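**Student:** In this note's numbering, the protein residues as written are 1 to 412.
Below is a structure I'd like to ask you about.
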Ligand code: PMP
């Protein structure tokens, strides 16, 4: 498919059975994609097929089903490596998701390398999953946490970043696309700046992997994490990518079967990566189905998905200006942003608004979106968030605007 030719999005949408539902007598409008995406038949079929035909434990059996399961599991690793531009599939470690990938690096790389006084640089716009694991390892090692502030426009304050990026910084971990603001951080530029002071970089790709083309080697980061469930895959599976040389230098963080070479009663030796970081029976079906999700996204076209998501977002931001008393957080209109709009409305608390929306078949999310420090930064307790994916439509956005007008009347 060329960059300009678009899939038939109506036909694409029809492949998602969950979207064809009626909720409270209205057609479901699913705008909670930043929390998790819906799944197409092509992905659901692979899950069903795996358990019906190939279900076996991986890596250990010499029988047909185990061989099939192993081939599919390792095949999924290759697909994910290709999808994000990794140098080899050995650089892909299956995790439960972005959260576990960050915890893995914090506990393995962090505990081994961080010393008292070292700095881990984060930002004020991080998801809790990119704050709390570093708080834990900071307590364990004496490392110091610093945070790049966020401007009123929801961007990272790059002047402050210059001040904060000192040689004490051992790792700069930041979100690629903010789940609360939609901000797209200039990852390539930030990684180059960090590298210049000798710091490693960790890119939280939870909100980028499913939406835009990502090439980790072009970006120049050292670690990247993704969550399968936000990119048409299942919950409970995701991946950590790390540069091979770094992963090779890192100790295991969980022990158990499959990650060992030799076990004695009091000591063991470990397999090379990625097996070293995958103790126990992994989420075999999850990994295989994530591989199918990657195939599916690639069949639509990464550029095409990104173009379509961006078009929906632009349209939503334009139309949201029509709603009285509504303020959108994040980068101003006209600037590129991730496929979401988080907002506050004068007339209603987000929880009331989201409940009202639900009674009209509209799935929004209300709350702090796991970014409590960011909510404090913007002096709001919470926001309402509409987040889009390629199967959403402008008609759904029109319907949301009507519901928001109705909410204003109802609460106002
Ligand atoms: N980072 C960001 C930016 C996210 O949006 C999320 C999910 N809301 C996470 C990390 C955590 O992802 P998961 O819960 O799948 O581990």
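Just so you know, even glycine gets a beta-carbon here, dropped at the ideal spot from N, CA and C.
Note that the structure is a prediction, hence the values are computed from the model and not measured.
Do the region 288-306 and the region 370-385 meet, that is, are 3 or more Cβ pairs less than 8 Å apart?
**Tutor:** no
**Student:** Examine the ligand PMP and report whether any of its heavy atoms sits within less than 7 Å of the Cβ of residue 238.
**Tutor:** yes
**Student:** Which partner residues does residue 227 have in the DSSP bridge list?
**Tutor:** Answer is 238, bridged to residue 227.
**Student:** By DSSP's criteria, residue 154 is part of a beta bridge. Which residues make up the other side?
**Tutor:** Looking at the DSSP assignment, residue 154 forms no beta bridge with any residue, so it has no partner.
**Student:** Less than 7 Å separating the Cβ of residue 368 from some heavy atom of the ligand GDP?
**Tutor:** Ligands displayed in this structure: the ligand PMP; the ligand GDP is not among them.
**Student:** Just the C-alpha distance for residue 244 and residue 340, rounded to the nearest angstrom, thanks.
**Tutor:** 34 Å
**Student:** With a threshold of 8 Å between beta-carbons, can residue 222 be considered close to chain C, or not?
**Tutor:** Here chain C cannot be found, since the structure has a single protein chain.
**Student:** Near residue 221, which residues of its chain fall below 8 Å by C-beta distance, leaving aside the five closest residues on each side in sequence?
**Tutor:** 187, 191, 201, 202 and 203
**Student:** Work out the CA separation of residue 117 and residue 1 for me, nearest whole Å.
**Tutor:** Unreliable positioning characterises residue 1 in this predicted model, as indicated by a pLDDT of 49, which lies under 50. The coordinate reading is nonetheless provided below. Their Cα atoms are separated by approximately 51 Å.
**Student:** Nearest to residue 53 by alpha carbon, out of 132, 45 and 256?
**Tutor:** 45
**Student:** Would you check if the distance between the CB atom of residue 173 and the CB atom of residue 103 is smaller than 8 Å?
**Tutor:** no
**Student:** For residue 101, does the three-state DSSP call read helix, strand or coil?
**Tutor:** helix
**Student:** Look up residue 345 in the DSSP assignment and say whether it is helix, strand or coil.
**Tutor:** Three-state DSSP puts residue 345 in a strand.
**Student:** In the DSSP output, which residue or residues are listed as bridge partners for residue 19?
**Tutor:** Answer is none; residue 19 lacks a bridge partner.
**Student:** Can you tell me which residues form a DSSP beta bridge with residue 268?
**Tutor:** 263
**Student:** Is it true that the CB of residue 256 sits closer than 8 Å to the CB of residue 279?
**Tutor:** In this structure, residue 279 places its C-beta atom within 8 Å of the C-beta atom of residue 256.
**Student:** Measure the Cβ-Cβ separation of residue 148 and residue 135 and say whether it is below 8 Å.
**Tutor:** no
**Student:** On a Cα-Cα basis, can you pick out the residue from 18, 23 and 30 that is closest to residue 395?
**Tutor:** 30
**Student:** Determine the DSSP secondary structure at residue 410, reduced to helix, strand or coil.
**Tutor:** Secondary structure of residue 410 (DSSP, three-state): helix.
**Student:** Residue 80 lies in the beta strand (DSSP E); which residues open and close that run?
**Tutor:** Residue 80 -> not in any beta strand (DSSP E); alpha helix (DSSP H) instead, spanning 64-84.
**Student:** Hey, how far is the Cα of residue 58 from the Cα of residue 239?
**Tutor:** Rounded to whole angstroms, residue 58 and residue 239 show a C-alpha spacing of 18 Å.
**Student:** Just to confirm before moving on: does the CB-CB distance between residue 39 and residue 291 stay below 8 Å?
**Tutor:** With respect to the 8 Å criterion, residue 39 and residue 291 are not classified as neighbours on the basis of their beta carbons.
**Student:** Rounded C-beta distance between residue 165 and residue 137? I'm assuming under 8 Å.
**Tutor:** In fact, because the Cβ distance is near 20 Å, the residues do not count as touching under 8 Å.
**Student:** Just mark residue 424 as buried or exposed, buried being the case when its beta carbon has 16 or more other beta carbons within 10 Å.
**Tutor:** The question about residue 424 has no answer, for the chain in this structure spans 1 to 412.
**Student:** Could you tell me whether any non-hydrogen atom of the ligand PMP is closer than 7 Å to the CB of residue 187?
**Tutor:** No, the beta carbon of residue 187 sits no closer than 7 Å to any heavy atom of the ligand PMP.
**Student:** Starting from residue 286, trace the alpha helix (DSSP H) in both directions and tell me its first and last residue.
**Tutor:** Per DSSP, residue 286 belongs to the alpha helix (DSSP H) from 284-300.
**Student:** Kindly examine the ligand PMP and report whether one of its heavy atoms sits closer than 7 Å to the Cβ of residue 209.
**Tutor:** no
**Student:** Identify every run of the alpha helix (DSSP H) within the region 342-386, keeping only runs that are complete inside it and at least 4 residues long; order them along the chain.
**Tutor:** 350-358 and 372-377
**Student:** The ligand PMP and residue 127: does the residue's C-beta get closer than 7 Å to at least one heavy atom of that ligand?
**Tutor:** yes
**Student:** How about residue 55: is its Cβ closer than 7 Å to a heavy atom in the ligand PMP?
**Tutor:** Outside the cutoff, so no.
**Student:** Need the endpoints of the alpha helix (DSSP H) that residue 43 sits in, please.
**Tutor:** 41-49
**Student:** Compute the Euclidean distance between the alpha carbons of residue 25 and residue 402, then round it to the nearest angstrom.
**Tutor:** 16 Å
**Student:** In this structure, how does DSSP classify residue 332 when only helix, strand and coil are distinguished?
**Tutor:** coil
**Student:** Taking the straight line between their C-alpha atoms, what separation do you get for residue 123 and residue 60?
**Tutor:** Straight across, the Cα-Cα distance linking residue 123 with residue 60 is about 43 Å.
**Student:** In the DSSP assignment, the alpha helix (DSSP H) including residue 245 goes from what residue to what residue?
**Tutor:** 244-248
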